[in-house]
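In what follows, a structure is listed as structure tokens, so that the remarks can point back to it.
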Amino acid sequence: MLYKKDLIALKSPSKENIADLLNSYHMQTKIDQEKEFVLDQHMEKINRYSETFSFVLLVEEYGNNCSCLPQTINKMSPTSLKLALRQLREGASMSLQDVFTMEYRLSQVCMVMLIDKDQSPRWKPAALEEVSDEFVDNCFKPLGSNDLKL
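Numbering-wise (UniProt numbering), the sequence shown opens with residue 1 and increments by one.
Put into structure tokens, the structure is as follows:
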């Protein structure tokens with residue numbers, strides 16, 4: 001990364017010089033900030049889908065427009081898809097400590113399910129519709145004395 005090279009190249013790496021250098025990079029990130037967000041025209045639809053999104057609805061709505069979509073999703077573990085979606089939704093509003101705890105719980109729940117020894121996945125359950133909300137809820141429950149301690 002360029003800023004690392006610039007930091008190393010500082011002849012006098014005082015706090016002030018380092019702060020000035022980092023601030024110059026920060027100012028570059030503000031360029032074009034007043035421009036309209038490129039997805040602005042799609043935000044209503046994006047927000048609507050982010051609240052109600054499910055892979056089942058995705059395939060139903062866009063499967064005809066993108067023939068590879070159902071094939072791609074059907075190759076994946078239905079359980080993993082649902083868990084990952086829930087993880088993203090919940091993690092977005094969690095503290096870092098809570099995210100680590102959630103990640104640990106999921107790793108414990110998923111470890112055996114996701115390890116495929118013969119490279120021939122046989123998902124159980126085999127379809128998204130078969131993965132119950134109750135199962136997903138259970139994957140996010142505390143592990144009691146086995147829970148991550150930070």
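By construction, the Cβ of each residue, glycine as well, lies at the ideal position given by its N, Cα and C atoms.
Of the residues the options, the one placed nearest residue i, counting alpha carbons only
i, options, result
"Glu-60", "Arg-48, Ile-73 and Ser-50", "Ile-73"
"Leu-81", "Ser-24, Phe-55 and Gln-28", "Phe-55"
"Asp-147", "Glu-16, Val-109 and Ile-18", "Val-109"
"Leu-128", "Lys-141, Val-99 and Leu-85", "Leu-85"
"Tyr-104", "Ile-8, Thr-52, Gln-33 and Phe-140", "Phe-140"
"Ser-50", "Glu-134, Leu-106, Arg-89 and Pro-142", "Arg-89"
"Tyr-25", "Lys-4, Met-94, Leu-106 and Thr-52", "Lys-4"
"Ser-107", "Trp-123, Pro-142, Ser-93 and Glu-134", "Pro-142"
Whole-angstrom C-beta distance between residue j and residue i, which should lie under 8 Å
i, j, result
"Gly-91", "Met-102", "6 Å"
"residue 202", "Gln-87", "Nothing can be reported for residue 202, as the shown portion of the chain is limited to 1 through 150."
"residue 155", "Leu-57", "Outside the shown range of the chain, which is 1 to 150, sits residue 155, and nothing can be said about it."
"Leu-7", "Ile-18", "7 Å"
Residue j beta carbon less than 8 Å from that of residue i
i, j, result
"Leu-10", "Leu-21", "yes"
"Thr-79", "Pro-125", "yes"
"Leu-83", "Val-38", "no"
Item checked: alpha helix (DSSP H) runs wholly inside the UniProt domain "Enoyl-CoA hydratase/isomerase" (5–140), at least 4 long, in chain order -> 15–29, 43–52, 55–62, 68–74, 78–91, 96–114 and 133–139
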